[in-house]
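The numbering of the sequence shown is my numbering, which starts it at 63 and goes up by one.
In this text, a Cβ means the ideal position worked out from N, Cα and C, and glycines have one as well.
Just below is one structure, and these are the notes that go with it.
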Amino acid sequence: MGRRVALAAGVGALLGLAWWGMFELLASGAVCSKDDWGCLGAFVTSIPIFAVAGSVAGGLALRSLDVSRAWLVAVPATLMAVVAMVLLLGVTFLAFAVFAALYALIAVLTAPRGAE
């Protein structure tokens with residue numbers, strides 16, 4: 063089970079860094095205008111897109127690493143991490159830790175019985 067948790071935490075950390083990068087890109091105003099709620103609209107639109115894309119990317123990454131029940135780890139962990147990061151909006155630098163911790167936790171909770 064240690065390998066499963068470590069791989070899940072690594073994939074979660076990478077997705078957390080992607081979240082942090084996406085948020086910083088939007089906050090900088092490089093891809094949106096700061097007039098008439100442009101960046102806020104872009105952020106609100108990007109949340110569900112990232113949740114779906116992150117779940118798919120996490121599931122595919124875990125599956126390619128031969129983690130059993132990869133989709134049972136990726137989908138709920140990504141959705142919970144996205145909700146947590148929306149609630150922790152001012153501290154986006156914690157994204158990699160939040161994603162890694164939730165991926166590791168869900169990997170433990172969804173491990174097959176008798177797995178080592």
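For Trp-99, the number of other beta carbons within 10 angstroms of its own is below 16, and it is reported as exposed. With respect to Ala-143, Phe-155 sits apart: the two C-beta atoms are not nearer than 9 Å.
9 Å or more divides the Cβ of Met-63 from the Cβ of Ala-163. Beta-carbon to beta-carbon, Ala-104 and Leu-79 are separated by about 20 Å, too far to satisfy the 8 Å threshold.
Taking 9 Å as the cut-off, the Cβ atoms of Ala-139 and Gly-91 do not count as close. Uninterrupted alpha helix (DSSP H) stretches at least 4 residues long and entirely within the region 103 to 130 do not occur. When the Cα atoms are used, Leu-134 and Ala-119 turn out to be separated by approximately 13 Å. Ser-95 carries a coil assignment under DSSP once its states are collapsed to helix, strand and coil. Here Ala-123 has Val-73 as same chain residues with Cβ atoms under 6 Å from its own Cβ, once five neighbours each way along the sequence are excluded.
Residue state for Met-63 is assigned as coil, using DSSP reduced to three classes. Going by DSSP, Leu-150 is part of no alpha helix (DSSP H) at all; its letter is neither H nor E. By the 16-neighbour rule on beta-carbons within 10 angstroms, Ile-168 is buried.
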